[in-house]
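Working notes, beginning with the structure itself.
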Amino acid sequence: MSTLPSTQKAVALPAKRTPLIEITTPVEPPAAGEIVVRVQWTASSPLDLHRSDGGLLIPSYPALQGSGGAAGTVVAVGTGGDLKGLQIGDQVSAFAFHGGKEANQQEYITIPAYLASKIPQGLSLQAAVTVPVNLVTVFHSVTADLELELPWPIPQDWQPKEASKPILVWGASSSVGIFAIQVLRHWRYTKVLAVSSGKHHEYLKSLGATICFDYTKGDVVDNILDYVKDAKEPKVPYILDCIGSLHGTLEPLTRIAQRGSRVAVMLPVIIKDATEEDEPEYEMDVSKCLPEKWADGAIVRGVRTHFYLQNEFFKDRLQPEILPALLAQGIIKPNKQRVVEGATLVERAQNALSLLRSKAVSGEKLVYRVSEA
Ligand SMILES: NC(=O)c1ccc[n+]([C@@H]2O[C@H](COP(=O)([O-])OP(=O)(O)OC[C@H]3O[C@@H](n4cnc5c(N)ncnc54)[C@H](OP(=O)(O)O)[C@@H]3O)[C@@H](O)[C@H]2O)c1
1 MSTLPSTQKA
11 VALPAKRTPL
21 IEITTPVEPP
31 AAGEIVVRVQ
41 WTASSPLDLH
51 RSDGGLLIPS
61 YPALQGSGGA
71 AGTVVAVGTG
81 GDLKGLQIGD
91 QVSAFAFHGG
101 KEANQQEYIT
111 IPAYLASKIP
121 QGLSLQAAVT
131 VPVNLVTVFH
141 SVTADLELEL
151 PWPIPQDWQP
161 KEASKPILVW
171 GASSSVGIFA
181 IQVLRHWRYT
191 KVLAVSSGKH
201 HEYLKSLGAT
211 ICFDYTKGDV
221 VDNILDYVKD
231 AKEPKVPYIL
241 DCIGSLHGTL
251 EPLTRIAQRG
261 SRVAVMLPVI
271 IKDATEEDEP
281 EYEMDVSKCL
291 PEKWADGAIV
301 RGVRTHFYLQ
311 NEFFKDRLQP
321 EILPALLAQG
331 IIKPNKQRVV
341 EGATLVERAQ
351 NALSLLRSKA
361 VSGEKLVYRV
371 SEA
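Going letter by letter, the sequence shown gives residues 1 to 373 in the UniProt record's numbering.
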């Protein structure tokens, strides 16, 4: 085992809606089955903003930041346990979300090996860091909430039972949506309806979307309903809401979902967006959102990917095996990246929050350096 420093720099939030600060945290030596990763790149996810401005999922302050993924080099491994074949020197990405020693915006993270993916040769850390959080989100929400099959490995000649049923991906140009389109098409779902602003339609079609609709146009719901008018009810049996905005997505979706439709909504539901002036409002209980508007018998589920480890198969294989294979074979392409600059790690993290708050992110993932090496 290489020698680890005893302490490191980390980004922390002192209190809700206050500027980020740098603090010193211990570098935790790895227990059996754990690895230590020297983090070189991290990605920013909207959850960083939900936490910093809304206090979401923060038990106490100062709170270590970083929920968008990490990529770097394995610098230590525990003695014994299942290390998933990882060794010192391997480059890995990680969706590690338990905070503390796993918090992504610090120089070293100590994590169970099953939360890491070896990065295939030829793929940069900067690109790889865009993948784990939202690719895992798609596997979890499609299987646990939409209850669609994603077998691994895909048996030869396998076709999903629901292969030709419409699956609506609303928010398809989001990071989650871009992975959803790729996963659904690779698993042979053939009618994937994508909703995004018009400028992303060609790209989404190139990834496998069957047809695209523009949510910035007032007639988007009518156009979708017209497209499925000859389908059996429920006309759109599967809906993945990759945004979870009360007025921006749930409201239009209440006009599309019918008895028997399954709707998986990314939590939190955003009642009011974060702005420079105002605190955001979130709702984690989707049953409290527009209950009077959903059709009787529509099944509306709130997605919580932090529970994906309850699926033992995914715990064992999703990050260690499935994710690297999909990237190595070119089946899944990483998100486009926007590199966030800043003189220090805290400054880069703060700049990323500002970009999220001003809704500057469109069809891309914010990424930035954690260490300079
Ligand atoms: N609960 C969970 O397990 C879980 C897991 C992952 C993510 N999430 C949540 O899911 C949300 C999305 O995450 P992300 O990282 O994918 O976000 P993101 O990439 O940062 O989202 C930006 C995209 O949202 C699109 N968008 C905004 N409002 C829209 C609307 N009303 N209709 C359609 N598209 C809209 C924009 O589309 P255009 O550019 O085309 O306008 C833009 O491309 C976040 O709130 C996040 O916290 C939850």
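Don't be surprised by glycine CBs; every beta carbon is placed ideally from N, CA and C.
Exercise for the section: With hydrogens ignored, establish whether the beta-carbon of R301 is closer than 7 Å to any heavy atom of ligand 1. Expected result: no
Practice task
Any chance you could list the beta strand (DSSP E) runs of at least 3 consecutive residues sitting entirely within the stretch 199-233, in chain order?
Solution key: 211-214
Exercise for the section: May I have a chain-ordered list of the beta strand (DSSP E) segments no shorter than 3 residues that lie completely inside the stretch 292-328? Expected result: 299-303
Exercise for the section: Compare the beta carbon distance of V228 and P166 with 8 Å and say whether it is the shorter of the two. Expected result: yes
Problem - Stretch pair the stretch 189-200 + the stretch 330-350: three plus CB contacts closer than 8 Å - result: no
Practice task
Could you check what DSSP says for Q91 in three-state terms: helix, strand or coil?
Solution key: strand
Handout entry: P46: CB within 7 Å of a non-hydrogen atom of ligand 1
Key = yes
Practice task
Please list, in chain order, all residues of the same chain as G54 whose beta carbon is under 6 Å from its beta carbon, the five residues on each side excluded.
Solution key: Excluding sequence neighbours, G54 sits near P280 and Y282.
Handout entry: Proximity below 8 Å, CB of Y365 to CB of N335
Key = The displayed chain sequence assigns Lys, not Tyr, to residue 365. Against a cut-off of 8 Å, the Cβ pair of N335 and K365 comes out as a contact.
Practice task
In angstroms with no decimal places, state the Cα-to-Cα distance between P29 and L253.
Solution key: Each residue's CA atom was taken as its position, placing P29 and L253 some 48 Å apart.
Practice task
Compare the beta carbon distance of V303 and D145 with 8 Å and say whether it is the shorter of the two.
Solution key: yes
Handout entry: C-alpha distance - D90 paired with I119, whole-angstrom precision
Key = 8 Å
Exercise for the section: Verify the contact flag: I332, CB atom, against every heavy atom of ligand 1, threshold strictly below 7 Å. Expected result: no
Handout entry: Proximity below 8 Å, CB of P59 to CB of P14
Key = No.
Problem - Secondary structure of E147, DSSP reduced to three states - result: coil
Exercise for the section: Rounded to whole angstroms, what's the CA-CA distance from D226 to L83? Just pull it up for me. Expected result: A direct Cα-Cα distance of roughly 52 Å separates D226 from L83.
Handout entry: Rounded distance between the beta-carbons of H140 and S173, thought under 8 Å
Key = Contact doesn't hold; Cβ gap of about 20 Å is too wide.
Handout entry: Status (buried if at least 16 other CB within 10 Å, exposed otherwise) for P155
Key = Counting of Cβ neighbours within 10 angstroms places P155 among the exposed residues, the total staying below 16.
Handout entry: Candidates T130, Q319 and G342: closest to G85 by CA position
Key = For the residues T130, Q319 and G342, the minimum Cα distance to G85 belongs to Q319.
Exercise for the section: Measure the alpha-carbon distance for A31 versus L309 and round it to whole angstroms. Expected result: 19 Å
Problem - P26 - partner residues in DSSP beta bridges - result: For P26, which the question treats as bridged, DSSP gives the partners T7.
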